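Single-structure report; data block below.
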Amino acid sequence: MVEFREVSVAFHQNKKTVEAVKNVSLKIEKGDIFGIVGGSGAGKSTLLRTINLLQPVTGGDVLVGGRSIVGYKGEKLRELRKGVGMIFQHFNLAENKTVEQNIAFVLKTAGWKKVDIQKRVRELLEFVKLSDKADVYPSKLSGGQKQRVAIARALANHTDILLCDEPTSALDAETTASVLDLLREVNQKLGVTIIMITHELDVVKSICNRTAVMADGEVVETGNVYEVFTNPQHPFTQQLIGHTQHFEIPQEIQSSISGPVVKLTYLGERAAEAVLSQTAADYNVRYNILHGKIEYIGTKPLGILYVNITGDRSDVEQTIQKLAERTYRTEVVFHA
Amino acid sequence: MLENILNLREDIQLALGQTAFMVLTSLAAAIVFGGLLGLLLYTTSNPLFLKNTVVNRIVGVILNVIRSVPFLILMILLLPLSKLIVGTKIGSEAVVVPLSIASSAFFARLAEASFSEVSRGVIEAAVSSGATKLRIITGILIPEALPSLVKNITVTAISILGFSAMAGLVGGGGLGDLAYRYGYQRYQTEIMIVCVAILVILVQLLQWLGDWMVRKLDKKL
Ligand SMILES: Nc1ncnc2c1ncn2[C@@H]1O[C@H](COP(=O)(O)OP(=O)(O)O)[C@@H](O)[C@H]1O
Ligand SMILES: [Mg+2]
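For the protein sequence lines, the chains are W and Y, in the order given.
In terms of this note's numbering, the first sequence opens at residue 814 and continues consecutively.
In terms of this note's numbering, the second sequence opens at residue 1414 and continues consecutively.
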């Protein structure tokens, strides 16, 4: 659907050159919800904006629907843009237009007839659950409602690609979840390919199927979201993900325990129970659970457990070996 | 004293008519030409439209020159042009030409500022929808800038009213002229006070009208 081939973007400012995107190659398939994550200034927005040429590239090629678009101009470029919707962190609705007028602008642009416009607007507002807000001005809407209108506007012309630039970064957690639900619906019901950039890992975890991690203009890791999250390869990704999974063992526990603290990562909600009770019996060790949580990546659970193991030295060692065999990952994170 | 005023009723009416003519004609010219020049300044400075630094600088310098010449001098300098355009060098009609030019230059800068206030993101959203530049200007930029444009049109109208007081110098008449001739030259202070009072009321009315329209138009609050 969208392919980046060795794409580079450089900005020249006051005789300095900023390489915002360096040699990025990526392929986004039809039907994907593709998440591009990375810190602020990593080049995410710049990369995303090359897809509809809001940002020209300085090197490489961008293919949309199999066609190179980097040289598009005039009418051809406008036709491309009519098929690629975009939403933004700050919604960017016209303040002096009603919800209906905001959406209608896009349809008029695409040459729709007046009767069809009315019908389509109604249909879209129903889809984003704002049927009663057609004649309201954006200043009377909440952030989440504004983003819903923006989504309706972006999809109005039956677009099949939706670009999202930090769509939930200005929203609170609850509203974020509802906007993400809507985007998931857009993807599943309408078959729209979504390319989303965000600095929030939780967003990627919750709705993306594939992801690319960007740091300093480069894509350092890409793949299936579950794989990237459970088994990050690049140090930057490990650090990024480690942040959310890390548990700092409190000082008083560190000084009061004996034996090692082990971090277990396991797939599935209850996958650890069996192996813990079995090893406890087989090797005569005791477990003390310090911290545990289950994260959901998409709908798939990923369990994380911090346990302190006590018992005879050799029993403990054998236990750890057994755990390593039976869980997704076993790391000794602390040894008293 | 009241007698004096009553005697001059017709003169006052005439002066009011002349002032209204000068202000309204120049204001119309300022909205059209100043508005277009403001749009030109804005679009030539914005990469999302037709960024062109050369055109932007040249237009900017010309407008600044016009704005820096005191209106009295500008009026005298431009009288030959009045002759060319309206066929006379005296009277309210003649004054309208320099007045329109000065107020267009004045409003152009204000209009440019109004356009610049429109959020870049809103323009970008329209660009990303595949709209042409012309459609973005007419369908997004101008409607979004409208409350601010109206506010600046009010400011311009009140400034034109001030400029028009100097019209007497070339026989243009108007309230300012009447106040000067009777109040200053003939020591009929009451006439001056009446004229000034009418000017104050006009300014107030313009301000109220402008504020009322802005309130009607602005949906941001
Ligand atoms: N129009 C621009 N002109 C100059 N530098 C820019 C421009 N846009 C972005 N940059 C620079 O490019 C880098 C990447 O920016 P961006 O793509 O916005 O990052 P992100 O979206 O990941 O936060 C930053 O260093 C930023 O300062
Ligand atoms: Mg960004």
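Where a beta carbon is used, it is the ideal one built from N, C-alpha and C, also for glycine.
Owing to the predicted nature of the structure, the values given are computational and were not obtained by experimental measurement.
So with CB distances below 9 Å, who are the chain Y contacts of W:Lys952? Taking the first sequence and counting its residues from 1, one reaches residue 952 of chain W at position 139. Looking at the sequence provided, one finds Ser at residue 952 of chain W rather than Lys. Residues of chain Y passing the Cβ test: Lys1632, Lys1633 and Leu1634.
Let me see if you follow: with CB-CB separation under 9 Å, is W:Asn1037 close to chain Y or not? Here the question's residue 1037 of chain W lines up with position 224 in the first sequence. Output row for W:Asn1037: interface = no.
Counting along the chain, where does the beta strand (DSSP E) carrying W:Cys977 start and finish? Within the first sequence, numbered from 1, the residue matching residue 977 of chain W stands at position 164. Element bounds for W:Cys977: Ile974 to Asp978.
Suppose the cutoff is 6 Å on Cβ atoms and the five residues either side in sequence are ignored; what does the same chain contact list for W:Lys857 look like? Counting from 1 along the first sequence, the entry for residue 857 of chain W is found at position 44. Within the same chain, W:Lys857 has close Cβ partners Ile849, Gly851, Ile1010 and Met1027.
If the cut-off is 8 Å on Cβ atoms, which residues from the region 1522-1547 of chain Y count as contacting chain W, listed in chain order? Ser1532, Gly1534, Val1535, Glu1537, Ala1538, Ala1539, Val1540, Ser1541, Ser1542, Gly1543, Ala1544 and Thr1545
Between the region 1553-1566 of chain Y and chain W, which residues of the former have CB atoms less than 8 Å from a CB of the latter, in chain order? Ile1553, Pro1556, Glu1557, Leu1559 and Pro1560
Tell me which residues of the region 900-912 of chain W have at least one Cβ-Cβ distance to chain Y shorter than 9 Å, keeping chain order. Ile900, Phe901, Gln902, His903, Phe904, Asn905, Leu906, Ala907, Glu908, Asn909, Lys910 and Thr911
What number of angstroms, rounded off, separates the C-alpha of W:Glu908 from the C-alpha of Y:Val1627? Within the first sequence, the letter at position 95 stands for residue 908 of chain W. Within the second sequence, the letter at position 214 stands for residue 1627 of chain Y. If you take the alpha carbons of W:Glu908 and Y:Val1627, they lie about 14 Å apart.
Name the DSSP bridge partner or partners of Y:Lys1502? Against the second sequence, residue 1502 of chain Y aligns to sequence position 89. None; Y:Lys1502 has no bridge partner.
Residues sharing a beta bridge with W:Asn1121, DSSP: For the purposes of this step, residue 1121 of chain W is taken as residue 308 along the first sequence, with counting starting at 1. According to DSSP, which records beta bridges pairwise, W:Asn1121 is partnered with W:Val1074 and W:Asn1101.
If you measure from each CB to the nearest heavy atom of ligand 1 and keep those under 6 Å, what residues do you get, in chain order? W:Phe824, W:Gln826, W:Val831, W:Ala833, W:Gly851, W:Ser853, W:Gly854, W:Ala855, W:Gly856, W:Lys857, W:Ser858 and W:Thr859
By the DSSP assignment, the alpha helix (DSSP H) with W:Arg997 in it spans what residues? Locating residue 997 of chain W in the first sequence gives position 184, where the first residue counts as 1. That run of the alpha helix (DSSP H) goes Ala986 to Leu1003.
What does W:Phe847 reach in chain Y if we use C-beta pairs closer than 8 Å? Within the first sequence, the letter at position 34 stands for residue 847 of chain W. Here the premise fails: no neighbours, minimum Cβ distance about 18 Å.
Can you find a CB in chain Y that lies within less than 9 Å of the CB of W:Arg880? To locate residue 880 of chain W, count along the first sequence from 1; it is residue 67. For W:Arg880, the answer is no, since every Cβ of chain Y falls outside 9 Å of its Cβ.
Using a Cβ-Cβ distance under 9 Å, would W:Lys921 count as near chain Y? Locating residue 921 of chain W in the first sequence gives position 108, where the first residue counts as 1. So yes, W:Lys921 belongs to the interface.
Backbone secondary structure at Y:Gln1617 - three-state DSSP: Along the second sequence, one-based indexing puts residue 1617 of chain Y at 204. Helix at Y:Gln1617.
Based on the DSSP secondary-structure assignment, which residues constitute the bridge partners of W:His1148? For the purposes of this step, residue 1148 of chain W is taken as the residue at position 335 of the first sequence. Its beta-bridge partners are W:Pro1073.
Residues of chain Y with CB closer than 7 Å to the CB of W:Arg894, please, in chain order. Position 81 of the first sequence, counted from the first residue, corresponds to residue 894 of chain W. Ser1541, Ser1542 and Gly1543, listed in chain order.
Would you decide whether W:Gln958 is buried or exposed? Buried here means 16 or more other CB atoms lie within 10 Å of its CB. On the first sequence, position 145 is the one that residue 958 of chain W refers to. With 16 or more Cβ atoms within 10 Å of its Cβ, W:Gln958 is classed as buried.
For Y:Phe1434, which residues in the same chain have their Cβ closer than 8 Å to its Cβ, ignoring the five residues on either side in sequence? Translated into the one-based positions of the second sequence, residue 1434 of chain Y becomes position 21. Contacts found: Ser1505 and Val1509.
How many Å lie between W:Val822 and Y:Ser1439 at the Cα? On the first sequence, position 9 is the one that residue 822 of chain W refers to. On the second sequence, position 26 is the one that residue 1439 of chain Y refers to. Taking the straight line joining both Cα atoms gives about 49 Å.
Tell me, please, whether the CB atom of W:Val970 is closer than 9 Å to any CB atom in chain Y? One-based indexing of the first sequence puts residue 970 of chain W at position 157. One detail in the question is off: residue 970 of chain W reads as Asn in this sequence, not Val. Interface residue, yes.
Please determine whether the Cβ atom of W:Glu892 lies at a distance below 8 Å from any heavy atom of ligand 2. The count along the first sequence starts at 1 and reaches residue 892 of chain W at position 79. No, Cβ of W:Glu892 sits at least 8 Å from all heavy atoms of ligand 2.
Beta carbon of W:Val912 nearer than 9 Å to that of Y:Ala1544: Position 99 of the first sequence, counting from 1, holds the residue named residue 912 of chain W. Position 131 of the second sequence, counting from 1, holds the residue named residue 1544 of chain Y. Taking 9 Å as the Cβ cut-off, W:Val912 and Y:Ala1544 do not qualify as a contacting pair.
When you compare the region 1531-1543 of chain Y with the region 1486-1502 of chain Y, are there three or more beta-carbon pairs, one atom per stretch, that lie closer than 8 Å? no
DSSP beta-bridge partners of W:Glu1108: Here residue 1108 of chain W corresponds to residue number 295 of the first sequence, with the count starting at 1. Answer is W:Leu1115, bridged to W:Glu1108.
Can W:Asp929 be considered in contact with ligand 2, in the sense that its beta carbon sits closer than 8 Å to one or more heavy atoms? The sequence position of residue 929 of chain W within the first sequence is 116, counting from 1. Incorrect: W:Asp929 has no Cβ contact closer than 8 Å to ligand 2.
Less than 8 Å between the CB of W:Asp1128 and some heavy atom of ligand 2, yes or no? The residue given as residue 1128 of chain W occupies position 315 in the first sequence. For ligand 2, not one heavy atom lies less than 8 Å from the Cβ of W:Asp1128.
From W:Leu893 to W:Thr989, what does the alpha carbon distance come to, in whole angstroms? Counted from its first residue, the first sequence places residue 893 of chain W at position 80. Counted from its first residue, the first sequence places residue 989 of chain W at position 176. The alpha-carbon atoms of W:Leu893 and W:Thr989 are separated by roughly 29 Å.
Confirm, please, whether the CB-CB distance from Y:Ile1573 to Y:Leu1512 is below 9 Å. Here residue 1512 of chain Y refers to the residue found at position 99 when the second sequence is read from its first residue. Here residue 1573 of chain Y refers to the residue found at position 160 when the second sequence is read from its first residue. Against a cut-off of 9 Å, the Cβ pair of Y:Ile1573 and Y:Leu1512 comes out as a contact.
With distances taken Cα to Cα, identify the nearest neighbour of Y:Ile1425 among Y:Leu1437, Y:Asn1469, Y:Val1616 and Y:Glu1603. By 1-based counting over the second sequence, the position of residue 1425 of chain Y is 12. Considering only alpha carbons, the answer is Y:Glu1603.
The alpha helix (DSSP H) that contains W:Thr1152, what's its start and end? The requested residue 1152 of chain W does not occur in the structure, where chain W is confined to residues 814 to 1149.
In chain Y, what lies closer than 9 Å to W:Arg961 by C-beta? Position 148 of the first sequence, counted from the start, is the residue given in the question as residue 961 of chain W. Under the 9 Å cutoff, chain Y gives no residues; its nearest Cβ is about 15 Å from W:Arg961.
Contact the region 973-981 of chain W vs the region 998-1016 of chain W: 3+ CB pairs below 8 Å: yes
Comparing the CB of W:Ile864 with every heavy atom of ligand 4, is any distance shorter than 8 Å? Judged by which ligands are present, ligand 4 is missing from the structure shown, whose ligands are ligand 1 and ligand 2.
Measure the C-alpha to C-alpha separation of W:Pro869 and W:Ser944 and round it to an integer number of angstroms. Here residue 869 of chain W corresponds to residue number 56 of the first sequence, with the count starting at 1. Here residue 944 of chain W corresponds to residue number 131 of the first sequence, with the count starting at 1. Rounded to whole angstroms, W:Pro869 to W:Ser944 spans 37 Å at the Cα level.
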